[in-house]
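K.L.:
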Amino acid sequence: MSARRLLYVMDPMCSWCWGFAPVANALVEQAQAAGVDVHLIVGGLRTGSGSALEPTTRRYILEHWQAVTEATGQPFKIEGALPDGFVYDTEPACRALVTARSLAPDCAWKLLGLIQHAFYAEGRDVTHASVLVELAEQAGLPRIEFAAAFDRADQHAATAADFTWVQDLGIAGFPTLLAERDGQLALLTNGYQPLSVLSPLLGRWLERAACA
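First residue of the sequence shown: 66, per the numbering used here; consecutive thereafter.
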């Protein structure tokens, strides 16, 4: 049987990835039901700036969030979001997922949903390690073990490796869904699409991959 994987390339602090979350969850279930492994890869949407958001950038982002909620129905807490001084650095949240992935892959998917909901629906600052450790514990990861691993050099390196892999493929937007068979990648989507479009597309790939 050919080696098959579904690769979900995203960023936990990408608004369209939050909008795509229900679709992604359904597609993950569809792939797993067909015996296909699903792998989470973090993209590094906004990393390393170290600077607080400018007011004009904040307004632009919040307008973007409004467009995402109108298109997808996912909840966003707009009032009070991205307060003065907020540094929009997605590296810590990405590293939290990479850390969870190394400790317990199933928990990484749970943690993804918790981070997204905390940031977008609750307005929590998921750039802070203390918040990420709390959410990781809610996802089923041992608090002390996760906190220690989160700060290790190997997790920083693994997160950077994900970013590099994504950049080397030329992936410029999230969410991106790739189907892999025997090392060959097929693009299912780059950007948001509804489940009604993607589920049949994934189904056809699963059928072809099963016959290969």
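By construction, the Cβ of each residue, glycine as well, lies at the ideal position given by its N, Cα and C atoms.
Taking the straight line between their C-alpha atoms, what separation do you get for Phe-85 and Val-163?
P.N.:
About 20 Å.
K.L.:
Grab the span of the alpha helix (DSSP H) containing Gln-97 for me, first residue to last.
P.N.:
That run of the alpha helix (DSSP H) goes 80-98.
K.L.:
Using the Cα positions of Ser-261 and Ala-89, report the straight-line distance between them to the nearest angstrom.
P.N.:
Approximately 12 Å between the Cα atoms of the pair.
K.L.:
Spatial neighbours of Arg-111 within its chain, please: C-beta separation below 6 Å, excluding the five flanking residues on both sides.
P.N.:
If we look at Arg-111 and ignore the five residues flanking it on each side, its Cβ neighbours are Tyr-153 and Thr-155.
K.L.:
Whole angstroms are fine: how far does the CA of Arg-166 sit from the CA of Ala-275?
P.N.:
Whole-angstrom Cα-Cα distance: 26 Å.
K.L.:
Identify every residue that forms a DSSP beta bridge with Tyr-73.
P.N.:
In DSSP, Tyr-73 forms a bridge with Leu-105 and Leu-242.
K.L.:
Whose C-alpha, out of Val-93, Gly-115, Cys-79 and Ala-68, is nearest the C-alpha of Leu-253?
P.N.:
The candidate whose alpha carbon is nearest that of Leu-253 is Val-93.
K.L.:
If you drop the 5 nearest sequence neighbours on each side, which residues of the same chain put their C-beta closer than 6 Å to that of Ala-223?
P.N.:
Excluding residues within five positions, the ones whose Cβ falls inside 6 Å are Val-163.
K.L.:
Quick one: residues in its chain with C-beta nearer than 6 Å to the C-beta of Trp-270, no 5 flanking neighbours on either side, listed in chain order?
P.N.:
Excluding positions up to five away in sequence, the list reads Ala-244.
K.L.:
What does a CB cutoff of less than 6 Å around Leu-250 pick up in its chain, not counting 5 residues either side in sequence?
P.N.:
Within the same chain, Leu-250 has close Cβ partners Leu-243.
K.L.:
Between the segment 133-146 and the segment 199-207, are three or more C-beta pairs nearer than 8 Å?
P.N.:
Too few Cβ pairs lie closer than 8 Å, so no.
K.L.:
Taking the alpha helix (DSSP H) that Thr-224 falls in, what are its first and last residues?
P.N.:
Residues 218-234.
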